[in-house]
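The opening position of the sequence shown corresponds to residue -9 in my numbering, with each subsequent residue numbered one higher. For glycine and all other residues, C-beta sits at the position ideal for the given N, C-alpha and C. Everything on this sheet refers to the single structure shown next.
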Amino acid sequence: MAGKIVADQLEHSTAGSLDTQFVVNGSAKAWERHNASHSLNSSFNVSSIADNGTGDTTVTYSNALSAATQVIGGSAGNEDGNECVILSNSRAASTTTTHRYVVGDSGGTYRDRAVNATLVHGDLA
């Protein structure tokens, strides 16, 4: 039998309290970090990533979101400090189980970078 905890607020002895709605609604529902060869370094609620070509990645979630209107953030760069930006996360429409994004340099050229990461905010299905 599965257990259940019902709480409207979390309280820390010295740091104060927080309504649980912020934990449920404000926590990332998926995140991933991968290298230039598209090997996952670490992740949460991500079943796989796909290399669609230079600088182009699709992330697939383990558990679906309730809508395809999630908020996606991310970063990319090289360990030597050579920065890069995520140019777009709308190259292909996000779904309840995936998002796709491209990484490029300031000139708009797609690049594979040593460190890549995205996080997803939304509601789980």
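If you draw a straight line from the C-alpha of residue i to the C-alpha of residue j, how long is it?
i            : j             : result
arginine 23  : asparagine 15 : 22 angstroms
valine 49    : valine 105    : 15 angstroms
threonine 47 : serine 3      : 43 angstroms
alanine 58   : glutamate 1   : 33 angstroms
alanine -8   : threonine 10  : 20 angstroms
If you follow the beta strand (DSSP E) that residue i is in, where does it begin and where does it stop?
i             : result
threonine 88  : 88 to 94
serine 32     : 30 to 34
glycine 64    : 61 to 67
asparagine 53 : Careful: asparagine 53 lies outside any beta strand (DSSP E) and carries neither H nor E.
threonine 108 : 105 to 111
leucine 114   : It is not in any beta strand (DSSP E) - leucine 114 carries neither H nor E in the DSSP assignment.
arginine 23   : 20 to 24
Short of 8 angstroms in beta carbon distance, which residues of its chain neighbour residue i, apart from the five on each side in sequence? Order them along the chain.
i             : result
glutamine 60  : Lys19, Ser84, His89, Val110, His111 and Gly112
tryptophan 21 : Ser33, Phe34, Asn35, Val36, Ala107, Thr108, Leu109 and Val110
serine 7      : Gln(-1), Leu0 and Glu1
Which stretch, first to last residue, makes up the alpha helix (DSSP H) that contains residue i?
i         : result
valine 14 : 10 to 16
So which of the options has the shortest CA-CA distance to residue i?
i                : options                         : result
threonine 43     : Ala115, Val93 and Ala104        : A small fix is needed here, since residue 43 is glycine in this sequence, not threonine. Nearest C-alpha to glycine 43: Val93.
asparagine 53    : Leu8, Thr86 and Gly(-7)         : Thr86
tyrosine 51      : Ile62, Gly6 and Val36           : Val36
phenylalanine 12 : Asn25, Trp21, Ala(-3) and Ala26 : Ala(-3)
serine 27        : Phe34, Ala57 and Ile39          : Ile39
glycine 98       : Gly45, Ser33, Trp21 and Ala115  : Gly45
glycine 63       : Ser17, Ser7 and Ser29           : Ser17
alanine 115      : Gly(-7), Gly67 and Ser56        : Ser56
glycine 67       : Leu30, Asn25 and Ser32          : Asn25
Leaving out five residues on either side along the sequence, give the residues of the same chain with a beta carbon under 6 angstroms from the beta carbon of residue i.
i         : result
serine 65 : Ala107
Leaving out five residues on either side along the sequence, give the residues of the same chain with a beta carbon under 7 angstroms from the beta carbon of residue i.
i             : result
asparagine 31 : Arg23, His24 and Asn25
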